[in-house]
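Student:
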Amino acid sequence: MKAPCVYILSSINRKVLYIGVTSNLKGRVWQHKSHYFPSFTSRYHVTRLVYFEVHDEMEHAIEKEKKLKFWRRSWKDALITEMNPEWNDLYETL
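Right under this line is the structure:
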């Protein structure tokens, strides 16, 4: 999927979340899953794509990413559950 997206990754036990933005969601999530770069997500095994939203403009996706990073954890959990009640890994659906 090549479009501006904001996305949330989760660890398998749902304790750790990562929020990011990209213009190539499938490629970026693959990088997280394969631990392509040593990073927060590789250190904490945060590899499950549990939420994403597509935007028309990259600046809108970046604005949403910044907002989400300041949200309370309970709000983030509710947002994920609304789109993905079982918190399934959405990577294969891309």
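Count the sequence shown with UniProt numbering and you get residues 1 to 94, in order.
All C-beta atoms, glycine included, are put in the ideal place defined by N, C-alpha and C.
Computed from a predicted model, the values in this text were never measured in an experiment.
So, PHE52 versus CYS5, is the Cβ gap smaller than 8 angstroms?
Tutor: yes
Student: Per DSSP, which one or two residues make a beta bridge with SER11?
Tutor: VAL46
Student: Residues bridged to ILE19 by DSSP?
Tutor: ILE8
Student: In chain order, what residues of the same chain lie with their CB nearer than 6 angstroms to the CB of ARG28, ignoring the 5 residues before and after it?
Tutor: THR22
Student: Can you pull the DSSP bridge partners for GLU53?
Tutor: VAL6
Student: If you draw a straight line from the alpha carbon of GLU65 to that of SER34, how long is it in whole angstroms?
Tutor: 23 angstroms
Student: Whole angstroms are fine: how far does the CA of HIS45 sit from the CA of ILE19?
Tutor: 14 angstroms
Student: If we call anything under 8 angstroms between Cβ atoms a contact, is LEU49 one with ASP89?
Tutor: yes
Student: Would you call the CB atoms of SER39 and TRP87 closer than 8 angstroms?
Tutor: no
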